[in-house]
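Written out below as structure tokens is the structure these notes cover.
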Amino acid sequence: MSSLNWADLVKDASDSAGGSYEPLPDGDYNLKVIEVSATVTSTGKTMFKLTTEVLDGPYAKRRIWDNLVISPENKNALGIFFSKMASLGVPREFFTANNPTNAQIEARIAGASFRAQVGKRVYNGNESNELKKYYVGAPTAQTASVSAPAPVAAPPAPAPAPAPSGAPVVAPPVAAPLSAPSDAPF
89 MSSLNWADLV KDASDSAGGS YEPLPDGDYN LKVIEVSATV TSTGKTMFKL
139 TTEVLDGPYA KRRIWDNLVI SPENKNALGI FFSKMASLGV PREFFTANNP
189 TNAQIEARIA GASFRAQVGK RVYNGNESNE LKKYYVGAPT AQTASVSAPA
239 PVAAPPAPAP APAPSGAPVV APPVAAPLSA PSDAPF
């Protein structure tokens with residue numbers, strides 16, 4: 089005999105607008121890999137399927153999926169793959185030193201925390217989230233959907249000493265403005 093109250097479950101499902109799914113707003117999120125499995129794509133390439141979960145903020149526990157495909161014929165795609173792996177705590181040296189199996193790579197990725205830029209895409213008429221950029225380094229204590237902090241300006245230069253009386257006044261050299269750090273997409 090079932091201990092579930094099916095009438096209440098059906099009502100709850102109806103109250104939630106038919107279980108509709110709204111993608112997360114675009115932004116940077118702290119994520120954790122909660123599931124990973126190696127598989128083969130329809131074209132015969134190795135792929136790691138990731139299920140990630142938002143760690144904090146108003147969207148904590150929401151899930152986002154990603155597929156990391158190994159494309160040996162495409163050097164740019166390989167670079168992206170290894171950059172994403174580094175963001176997940178698996179540097180290139182791990183691959184060169186260990187020649188790991190898929191199971192060893194899965195074990196290294198499972199439970200990894202990282203920060204990523206989340207965006208939206210439309211596939212088969214449905215809007216969903218995708219991980220647009222992985223950031224290298226551990227997630228910060230900032231809450232989800234908070235953009236990276238603005239660059240810090242250099243401290244002001246000390247004021248020049250006053251010029252002696254009658255001497256021409258020469259302006260001190262001006263330092264070049266600081267530019268924002270570049271975040272190359274992975």
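Read left to right, the sequence shown gives residues 89 to 274 (the working numbering).
The beta carbon of each residue, even a glycine, is placed where N, CA and C say it ideally should be.
Model, not experiment: these values are computed from the prediction.
Hey, quick one: how far does the alpha helix (DSSP H) through residue i stretch, first residue to last?
i	result
Ser130	Note, Ser130: premise wrong, no alpha helix (DSSP H); not H, not E.
Ala197	Note on residue identity: the sequence assigns Ile, not Ala, to residue 197. Per DSSP, Ile197 belongs to the alpha helix (DSSP H) from 190-197.
Alpha carbon to alpha carbon, how far is residue j from residue i? Give it in angstroms, no decimals.
i	j	result
Lys220	Arg151	15 Å
Thr184	Phe170	12 Å
Pro111	Leu176	23 Å
Ala195	Ser201	13 Å
Asn187	Ile193	10 Å
Using the three-state DSSP reduction, which class does residue i fall into: helix, strand or coil?
i	result
Lys137	strand
Ile152	strand
Asn164	helix
Glu181	helix
Asn118	strand
Ser91	coil
Ser159	coil
Ala204	strand
Going by beta carbon distance, what residues of the same chain come within less than 6 Å of residue i, once the five residues before and after it are set aside?
i	result
Asp154	Leu138, Leu219
Arg180	Phe170
Starting from residue i, trace the beta strand (DSSP E) in both directions and tell me its first and last residue.
i	result
Glu215	214-223
Beta-carbon within less than 8 Å of residue i's beta-carbon, same chain only, minus the 5 sequence neighbours each way: which residues are those?
i	result
Ala191	Ala126
Asn164	none
To which residues of the same chain is residue i closer than 7 Å at the C-beta, ignoring the five residues directly before and after it?
i	result
Leu156	Met135, Phe136, Leu138, Phe169, Lys172
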